[in-house]
Amino acid sequence: MKKTRMILLLFLGCIFLSNAQETDSLLSLDRIYSSSEFRGDYARPVFWIEEGNAFVSIEKDAKGNDELIRYESKNYQKSVFLASGKLQANGQNLEIEDFSLSPDGTKVLIFTNSSRVWRSNTKGDYWVYDFSSGQLKQLGRTFPPSSLMFAKFSEDNQFVAYVHHFNIYKEDFQTGELTQLTEDGTGDIINGTFDWVYEEEFGMRDGFMWSPDASKIAFWQLNASEIGTFYMIDNTDSVYSEPIPLQYPKAGYDPSSAKVGIINSKTSEVNWINIPGDPVQHYLPAMQWIDEDLLLIQQLNRKQNQLVIYTYRPSSAELHKVYTEMEKTWVDLRYPDISSNQWGNNDQLIVDQGKAFLRMTETDGWRHIYKIDLRSGKKKLLTPGEYDVASYYQTDDKNLYISASPENATQRYLYKIPLNGNGKLTKITPGNFEGVNTYNVAPNGKYAIHSFTNAHTPRTVQLVNLPDHKSIKTLVSNQNLKDQLNSLKLPETSFFQVTTASGIEMDARMTKPLNFDPQKKYPVLFHVYGEPWGVVATDQWIGLYEIYMAQQGFVVINIDNRGTPSLKGSDWRKSIYQQVGVLNTKDQAEAATKVLATYDFLDDQRVSVWGWSGGGSMTQNLLFRYPEIYQTGVAVAGVANQLFYDNVYQERYMGLPSEDMAKFIEGSPVTYAKNLEGNLLLIHGTGDDNVHYQNMEFLVNELIRQNKQFDMMAYPNRSHGIREGQNTSLHLFTLITRYLLEHNGMN
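As structure tokens, this is what we get:
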């Protein structure tokens with residue numbers, strides 16, 4: 005009897021252990037979004053010093069306090085740059101969110117206690133630590149906490165300038181003497197920083213800069229007084245609702261007027277630069293000092309199909325047009341690409357000892373880099389050939405380091421090309437790093453922080469030398485995450501091309517369910533984006549949610565249509581002009597049709613699609629325009645009416661509504677809401693300052709008018725990323741997953 009009982013217990017124990025192992029080998033939404041089990045490691049920001057021969061990183065000491073650590077680039081030799089014990093104020097250690105050095109390296113400017121402005125935490129407190137005196141002092145002590153922006157040292161090491169409440173100030177950090185350099189900042193008049201749309205679409209936040217001799221400050225001034233106010237409503241934080249005003253220029257409405265001026269840092273006198281054209285009907289997305297008496301200024305027209313670059317000499321007030329670039333579609337500044345880590349830096353790279361700058365352009369059918377002489381405007385092509393440059397990084401005085409992938413648009417690699425324009429393209433990334441490689445190249449071009457990932461590998465980071473690309477130190481291995489992933493049953497991911505009925509070949513990525521059987525029929529889930537600011541079918545780690553959905557039994561497919569920033573030539577990318585919502589949805593629908601017909605294991609009666617932002621718009625359009633293909637869709641934070649989105653983005657890719665309103669109507673999902681036949685779940689944050697909740701309400705009204713049944717979820721006060729609040733991500737992805745499972749008969 006005892007023996008029988010023991011056998012039974014052993015048998016039950018084996019079953020329990022087997023079930024536990026089976027459970028541990030599968031992901032759950034709780035494991036993804038409520039635990040740290042699969043949390044990846046990330047390298048903290050690196051700040052190059054000494055032209056790149058060393059760098060400084062923000063790290064924690066043994067007690068968990070922030071300090072600055074210096075590393076020799078050549079051998080990763082470590083030393084304390086600024087110890088945490090020297091960063092104590094009011095009995096507490098400062099948390100270092102950012103920092104910069106004075107030009108002579110004797111002082112450190114610490115940014116801390118930040119608060120959010122639009123997308124980023126750009127307001128905060130600034131402290132100066134002086135290595136010579138060993139003293140730590142706070143700047144702007146008479147101002148409210150967390151209210152200073154973009155503090156920076158003057159080149160003569162005597163002053164710090166910063167923005168407070170839309171005005172620029174200069175402070176002597178030795179004596180504390182404060183000088184207000186602009187007087188008219190109000191919120192409508194914006195000095196030294198930018199409005200919402202300049203930050204969102206041009207990446208512009210910091211709006212002033214010292215001249216190299218510290219005698220002047222160049223700055224932007226925006227007049228937003230005529231910008232319409234959009235109100236978001238906070239219904240949950242008080243008994244009475246609170247309107248949240250946002251100056252937001254919608255498509256078809258004028259932007260803020262923009263001008264640039266020069267402040268005499270001693271007298272506070274302002275001289276405005278007389279840039280041609282209507283200051284309302286243009287954008288000034290970049291300005292940079294070349295030397296103490298020469299500025300480079302970039303101007304885009306309202307339609308963003310003409311870029312003019314000027315030089316300006318403050319001593320003579322001479323404005324000279326150096327370069328003009330025109331397109332029938334649009335002109336990009338910094339091109340959106342997965343390899344670019346310079347979003348928001350619209351400056352041109354200055355080369356040849358200040359005699360020329362580099363401009364990446366698409367005027368010859370491919371994205372190439374030209375060297376432009378600052379005096380004559382003469383152009384020299386540096387990257388000839390039938391391939392696209394993805395992005396460019398830095399020079400070593402003889403060579404330019406660029407990212408490209410001539411053979412495979414889903415990947416990225418580092419190359420070098422001679423700056424004199426007379427050499428050939430040379431691949432630098434070793435062959436064992438097959439996937440997407442990105443770089444933070446040191447100013448001297450001798451070292452780089454190299455990040456690598458592919459569909460099966462989470463990101464790893466290492467310090468390398470250039471051009472040999474020898475590893476000096478692995479900074480992030482993500483070994484713990486890799487070990488955790490190895491404990492799972494992982495699906496198979498592969499890449500393929502699909503050629504549509506219209507003859508368009510697109511890159512695609514497919515992740516198959518566990519224990520895949522080609523004789524079975526599987527539901528298919530298309531994940532989409534499809535607009536000019538993103539790609540999805542890339543050779544980057546697919547992420548936990550895609551793994552999870554494959555474990556649930558879906559075949560997950562990502563496809564990049566025309567109009568996305570793939571390395572397939574200018575015609576590919578620019579063909580979407582004035583056809584956002586039309587051409588890209590046609591490509592996706594034709595690709596889906598071809599894929600469903602090609603692979604017998606895909607169930608064409610269980611086809612779902614989901615996407616976020618532009619992917620939310622795409623999802624809506626696909627369900628409304630092609631109801632015969634897609635049965636279920638989940639659209640998160642989508643633009644339902646293109647006239648509701650901001651003018652810079654929408655007019656760049658669609659032109660002006662006043663010239664062709666029909667294009668905007670044709671491309672908007674709401675226009676075709678009457679065709680809905682399948683299952684649609686709409687999701688939006690009511691506090692979305694980017695794609696306003698207005699979009700969902702407008703679409704909901706039209707669906708009701710058309711007597712179309714659908715589902716919706718509003719997340720109170722959440723922004724575009726729908727992350728705020730405890731358990732929000734878990735709730736969101738549980739909702740999405742349950743909806744997709746239920747409507748594919750998989751509950």
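Adding 4 to a residue's 1-based position in the sequence shown gives its number in my numbering.
No residue lacks a Cβ here, since even glycine has one placed at the ideal position from N, Cα and C.
In this text, all values refer to a predicted model and were calculated from it rather than measured experimentally.
Just the Cα atoms here: how many angstroms apart are residue i and residue j?
i           : j           : result
residue 745 : residue 526 : 12 Å
residue 492 : residue 35  : 12 Å
residue 322 : residue 264 : 14 Å
residue 189 : residue 195 : 6 Å
residue 656 : residue 373 : 22 Å
residue 41  : residue 488 : 8 Å
residue 235 : residue 251 : 9 Å
residue 381 : residue 161 : 35 Å
residue 557 : residue 546 : 16 Å
residue 340 : residue 350 : 12 Å
residue 460 : residue 513 : 12 Å
residue 396 : residue 338 : 10 Å
residue 371 : residue 428 : 17 Å
residue 561 : residue 515 : 7 Å
residue 402 : residue 633 : 54 Å
residue 741 : residue 748 : 11 Å
residue 109 : residue 54  : 9 Å
Excluding sequence positions up to five away, which residues of its chain have a Cβ less than 6 Å from the Cβ of residue i?
i           : result
residue 20  : Low local confidence applies: a pLDDT of 42 at residue 20 is under 50, so the model's placement there is unreliable, with the coordinate-based value given in what follows. Same-chain partners within the cutoff: there are none.
residue 625 : 585, 589 and 673
residue 186 : 171, 172 and 195
residue 83  : 74
residue 462 : 44, 482, 485 and 545
residue 410 : 391
residue 361 : 352, 354 and 376
Return the chain-ordered list of same chain residues with a C-beta closer than 7 Å to the C-beta of residue i, the five sequence neighbours on each side being excluded.
i           : result
residue 643 : 621, 649, 695 and 699
residue 628 : 673, 676, 677, 679 and 680
residue 733 : 37 and 727
residue 86  : 71, 72, 112 and 133
residue 230 : 258
residue 587 : 566, 567, 579 and 580
residue 419 : 406, 408, 429, 430, 431 and 432
Taking the alpha helix (DSSP H) that residue i belongs to, which residues open and close that run?
i           : result
residue 206 : 200 to 206
residue 594 : 587 to 602
residue 1   : Nothing about residue 1 can be read from this structure; the chain reaches only from 5 to 751.
residue 735 : 732 to 746
residue 622 : 618 to 629
residue 652 : 651 to 658
Use the C-beta contact count for residue i: other C-beta atoms within 10 angstroms, 16 or more gives buried, fewer gives exposed.
i           : result
residue 324 : exposed
residue 426 : exposed
residue 284 : exposed
residue 645 : buried
residue 530 : buried
residue 320 : exposed
residue 80  : exposed
residue 329 : buried
residue 524 : exposed
residue 316 : buried
residue 505 : exposed
residue 615 : buried
residue 208 : buried
Whose C-beta lies closer than 8 Å to the C-beta of residue i among residues of the same chain, with five residues either side of it excluded?
i           : result
residue 168 : 144, 147, 151, 152 and 153
residue 237 : 245, 246, 247, 248 and 690
residue 216 : 159, 293, 295 and 296
residue 291 : 213, 222, 224, 264, 299, 300, 301 and 302
Heavy atom of the ligand COA less than 7 Å from the Cβ of residue i, yes or no?
i          : result
residue 63 : Of the ligands one can find in the structure shown there are none, so the ligand COA has no counterpart to examine.
In the DSSP assignment, the beta strand (DSSP E) including residue i goes from what residue to what residue?
i           : result
residue 345 : No beta strand (DSSP E) contains residue 345, which DSSP labels as neither H nor E.
residue 69  : Segment: none, residue 69 is in no beta strand (DSSP E) and carries neither H nor E.
residue 750 : That residue, residue 750, is in no beta strand (DSSP E); it is neither H nor E in DSSP.
residue 37  : Segment 33 to 37 is the alpha helix (DSSP H) holding residue 37; no beta strand (DSSP E) there.
residue 466 : 461 to 469
residue 183 : 182 to 184
residue 480 : 475 to 480
residue 3   : Because residue 3 is not part of the residues shown, which for the chain are 5 to 751, the question remains open.
Sequence ranges, alpha helix (DSSP H) only - wholly within the segment 490 to 576, length at least 4: Within the segment 490 to 576, the complete alpha helix (DSSP H) segments at least 4 residues long are 548 to 555, listed from N- to C-terminus.
Output the residue ranges of the alpha helix (DSSP H) runs that lie fully inside the segment 92 to 122 and measure 4 residues or longer, sorted by chain position. If we require 4 residues or more, the segment 92 to 122 turns out to have no alpha helix (DSSP H) run fully inside it.
Which runs of the beta strand (DSSP E) fall wholly inside the segment 664 to 729 and span at least 3 residues, in chain order? The DSSP assignment places complete beta strand (DSSP E) segments of no fewer than 3 residues inside the segment 664 to 729 at 683 to 689 and 715 to 719, in order along the chain.
Mind listing, in chain order, the continuous beta strand (DSSP E) runs of no fewer than 3 residues lying wholly within the segment 194 to 254? Unbroken beta strand (DSSP E) stretches of 3 residues or longer found wholly inside the segment 194 to 254: 212 to 214, 220 to 227, 233 to 238 and 246 to 251, given in chain order.
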